[in-house]
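First up is the structure itself, then whatever we jot down about it.
2 protein chains.
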Amino acid sequence: MSLLVLGTVALDDVKTPCGIRNNMLGGSASHFSMAARLFTKVNLVAIVGSDFPKKYFRFFEDKGIDVSSLHRAEGKTFHWEGEYKKEDLNKALTIATEIGVLTTNFIPRITDAQRRIPYVFLANIDPEIQLELLRLVRTQKLVGVDSMNLWINIKRKPLEKLLKKVDLFVANDGEARLLSGENNLIRAAKYLRNMGPKFVVVKKGEHGVLFFSDRFMFSFPAYPIERVVDPTGAGDTFAGGLMGYLAKAGRINEMAFKRAVLYATTIASFNVQGFGVTKTENLTMPVVNGRLKELIKFIS
Amino acid sequence: MSLLVLGTVALDDVKTPCGIRNNMLGGSASHFSMAARLFTKVNLVAIVGSDFPKKYFRFFEDKGIDVSSLHRAEGKTFHWEGEYKKEDLNKALTIATEIGVLTTNFIPRITDAQRRIPYVFLANIDPEIQLELLRLVRTQKLVGVDSMNLWINIKRKPLEKLLKKVDLFVANDGEARLLSGENNLIRAAKYLRNMGPKFVVVKKGEHGVLFFSDRFMFSFPAYPIERVVDPTGAGDTFAGGLMGYLAKAGRINEMAFKRAVLYATTIASFNVQGFGVTKTENLTMPVVNGRLKELIKFIS
Numbered sequence: 002m003s004l005l006v007l008g009t010v011a012l013d014d015v016k017t018p019c020g021i022r023n024n025m026l027g028g029s030a031s032h033f034s035m036a037a038r039l040f041t042k043v044n045l046v047a048i049v050g051s052d053f054p055k056k057y058f059r060f061f062e063d064k065g066i067d068v069s070s071l072h073r074a075e076g077k078t079f080h081w082e083g084e085y086k087k088e089d090l091n092k093a094l095t096i097a098t099e100i101g102v103l104t105t106n107f108i109p110r111i112t113d114a115q116r117r118i119p120y121v122f123l124a125n126i127d128p129e130i131q132l133e134l135l136r137l138v139r140t141q142k143l144v145g146v147d148s149m150n151l152w153i154n155i156k157r158k159p160l161e162k163l164l165k166k167v168d169l170f171v172a173n174d175g176e177a178r179l180l181s182g183e184n185n186l187i188r189a190a191k192y193l194r195n196m197g198p199k200f201v202v203v204k205k206g207e208h209g210v211l212f213f214s215d216r217f218m219f220s221f222p223a224y225p226i227e228r229v230v231d232p233t234g235a236g237d238t239f240a241g242g243l244m245g246y247l248a249k250a251g252r253i254n255e256m257a258f259k260r261a262v263l264y265a266t267t268i269a270s271f272n273v274q275g276f277g278v279t280k281t282e283n284l285t286m287p288v289v290n291g292r293l294k295e296l297i298k299f300i301s
Numbered sequence: 002m003s004l005l006v007l008g009t010v011a012l013d014d015v016k017t018p019c020g021i022r023n024n025m026l027g028g029s030a031s032h033f034s035m036a037a038r039l040f041t042k043v044n045l046v047a048i049v050g051s052d053f054p055k056k057y058f059r060f061f062e063d064k065g066i067d068v069s070s071l072h073r074a075e076g077k078t079f080h081w082e083g084e085y086k087k088e089d090l091n092k093a094l095t096i097a098t099e100i101g102v103l104t105t106n107f108i109p110r111i112t113d114a115q116r117r118i119p120y121v122f123l124a125n126i127d128p129e130i131q132l133e134l135l136r137l138v139r140t141q142k143l144v145g146v147d148s149m150n151l152w153i154n155i156k157r158k159p160l161e162k163l164l165k166k167v168d169l170f171v172a173n174d175g176e177a178r179l180l181s182g183e184n185n186l187i188r189a190a191k192y193l194r195n196m197g198p199k200f201v202v203v204k205k206g207e208h209g210v211l212f213f214s215d216r217f218m219f220s221f222p223a224y225p226i227e228r229v230v231d232p233t234g235a236g237d238t239f240a241g242g243l244m245g246y247l248a249k250a251g252r253i254n255e256m257a258f259k260r261a262v263l264y265a266t267t268i269a270s271f272n273v274q275g276f277g278v279t280k281t282e283n284l285t286m287p288v289v290n291g292r293l294k295e296l297i298k299f300i301s
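So the sequences go chain by chain: A and B. Everything in the first sequence is counted per this note's numbering, starting at 2 for the first residue and increasing by one. Everything in the second sequence is counted per this note's numbering, starting at 2 for the first residue and increasing by one.
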């Protein structure tokens, strides 16, 4: 089944111990799509500015991604500048954020056909925009959401409203702790489930993933990566692999979630091995399945 | 096969968000023994002072632990005072350490029979004392070692000498990083293996374990604990479960290490649920096996 993703499409400046890249294709929806496209038809909902290179529209289309709701507006594309220090490659330091066209009260628009897409993911973006999209969609099978510390701090009310309406919340450990006020991740996840979502995934970067529902919980370690080049978008890539697999499987049960998390972990491990989407844009399923096998051997 | 452990037997003052305990039985060898005794005959090598309550000798014996090399000397028992803050229960803050009888150049003595015990663990204690014990033992099947940041910082030379002579190094993530100078744990473990030990275990507290050898590596998450009461000794308990299982199994291969790590993870999860050894001193194998089953379900 096909998949709709709302999020940011951005131009990123990133500095890591492995180098510097400027004006790279980035954003939550871009990273998400690079993973999800491996499983299913992805429909991208985002806004970019007039400075956004046209070649990237073709780039998305070449990857089989539907860009009919990738809107272009006057102004600048959302721009993120960040740095990762050698001491803690898990932690992004934001140097600058230029909201650009996202300031002009971006109200997402989608086609009539897209309103009936059964799998929906609201990747990291202002929760008020996520709520707007949710108003447009109809009788979905699974709605997932991601957020970030910024929104937890400055838009808690709309985020709470949103969480009441979604099925799956994909958070990292810091976000889970901040939103719940609980340091223990098991208790934090319980708190998040009480906020609305039946399913909660807590991503712990290099330490892997915890998954919680009312009927089962599980945990997997991450695939071991010796040389992390750029962690930007690893969480979005993870979410793309997760939702992509679920959309393809068409089932929502423990086994499907376990397989989805293993695929998500595997694809995210490629993401961190290169800048931006350079390692995920050319990924193919045979390559993913090869590493998935290694991961399964590593953890079983 | 039986097991010899050298380490500290201490009296601890511990403060955690769950309460305060004074003069509790503690020390690396005590925690280790509480786990290892579940699998095999444990021979304890340590020194205590004249203030050490006699009841604890009987306590160890009641647990089936051989105390013929638990020596008593004039002076004070090694004493540790520590605190764990709510914000990071993984991190022990040392308030005070009184070395006591460990200052008087404790040279471990063991019986002739103990010199032939095939499984040996050098739990956390001054590496020069660990080297002394190693001089006494003969034709061992497996020698494991644990250490701590203090010794890495102030006794690096003897620690390096020691690591050349042992088979298994059990380190936590902080120690692995400090000793190797590598932030990435995969690279850190490689570095540690190059220092001598064929097998390296990196404990990551609530995030589980990484295991490395030349022929295989694997990772398991920790058993999820919602309420951590006192993490003191969790690493020693882990090492006790690991070595205890290996000594009982009598085999050293990938499957034995995987089972050993799963048992170690399970038993360590009990340790953190109570102060000191209160949750491990009465553990029985049926209770351990019950939780092990839950852990396996949780991670597979």
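Heads up, the beta-carbon is just placed ideally off N, CA and C, and yes, glycines get one too. If you're wondering where the values come from, they're calculated on a predicted model, not measured in any experiment.
Rounded straight-line distance, which links the Cα of residue j to that of residue i
| i | j | result |
| --- | --- | --- |
| lysine 166(A) | isoleucine 126(A) | 16 Å |
| serine 69(B) | arginine 139(B) | 18 Å |
| alanine 74(B) | glutamate 183(B) | 41 Å |
| proline 287(B) | isoleucine 268(B) | 12 Å |
| leucine 179(B) | serine 148(B) | 12 Å |
| asparagine 254(B) | arginine 260(B) | 10 Å |
| proline 128(A) | isoleucine 111(A) | 17 Å |
| methionine 204(B) | histidine 80(A) | Before going on, a small fix: residue 204(B) reads as lysine here, not methionine. Spanning the two alpha carbons is a distance of roughly 39 Å. |
| proline 159(B) | asparagine 150(B) | 14 Å |
| asparagine 1(B) | leucine 293(B) | With chain B represented from 2 up to 301, any question about residue 1(B) goes unanswered, as that position is not in the structure. |
| leucine 132(A) | valine 15(A) | 30 Å |
| leucine 137(A) | arginine 116(A) | 6 Å |
| phenylalanine 61(A) | valine 262(B) | 45 Å |
| lysine 64(B) | phenylalanine 58(B) | 10 Å |
| serine 181(B) | alanine 190(B) | 8 Å |
| serine 51(A) | arginine 22(A) | 21 Å |
| lysine 142(A) | glutamate 88(A) | 42 Å |
| asparagine 106(B) | leucine 4(B) | 24 Å |
| lysine 249(A) | phenylalanine 40(A) | 6 Å |
Interface flag, residue i vs chain A, CB-CB below 7 Å
| i | result |
| --- | --- |
| histidine 208(B) | yes |
| phenylalanine 299(B) | yes |
| serine 220(B) | yes |
DSSP state of residue i mapped onto helix, strand, coil
| i | result |
| --- | --- |
| methionine 244(B) | helix |
| serine 270(B) | helix |
| lysine 166(A) | coil |
| methionine 149(A) | coil |
| methionine 218(B) | strand |
| glutamate 333(B) | The displayed coordinates of chain B run from 2 to 301. Any statement about residue 333(B) would go beyond what the structure contains. |
| alanine 156(A) | One detail in the question is off: residue 156(A) reads as lysine in this sequence, not alanine. In the structure shown, lysine 156(A) sits in coil (DSSP, three-state: anything other than H, G, I, E or B). |
| phenylalanine 212(A) | strand |
| glutamate 99(A) | strand |
| tyrosine 85(B) | strand |
| glycine 20(A) | strand |
| alanine 223(A) | coil |
| alanine 93(A) | coil |
| aspartate 13(B) | strand |
| valine 278(B) | coil |
Residue span of the beta strand (DSSP E) that contains residue i, given as start and end
| i | result |
| --- | --- |
| valine 203(B) | 200 to 204 |
| phenylalanine 58(A) | Unbroken run through phenylalanine 58(A) is the alpha helix (DSSP H), 56 to 63; no beta strand (DSSP E). |
| valine 43(A) | 43 to 49 |
| glycine 197(B) | Glycine 197(B) -> no beta strand (DSSP E), and no H or E assigned at all. |
| aspartate 52(A) | Premise fails: aspartate 52(A) is in no beta strand (DSSP E) and is neither H nor E. |
| isoleucine 66(B) | 66 to 73 |
Residue-chain proximity (residue i, chain B), Cβ-Cβ < 7 Å
| i | result |
| --- | --- |
| arginine 188(A) | yes |
| glutamate 227(A) | yes |
Terminal residues of the alpha helix (DSSP H) in which residue i lies
| i | result |
| --- | --- |
| glycine 175(A) | 174 to 181 |
| leucine 7(A) | Run containing leucine 7(A): none in the alpha helix (DSSP H); it sits in the beta strand (DSSP E), 4 to 7. |
| glycine 291(B) | 286 to 300 |
| alanine 30(A) | 29 to 37 |
Residue i at chain E interface by Cβ criterion, 7 Å
| i | result |
| --- | --- |
| valine 138(B) | This model lacks chain E altogether, as its protein chains are A and B. |
*Which runs of the alpha helix (DSSP H), 4 residues or longer, sit entirely within the region 113 to 146 of chain A?*
You should have 128 to 137.
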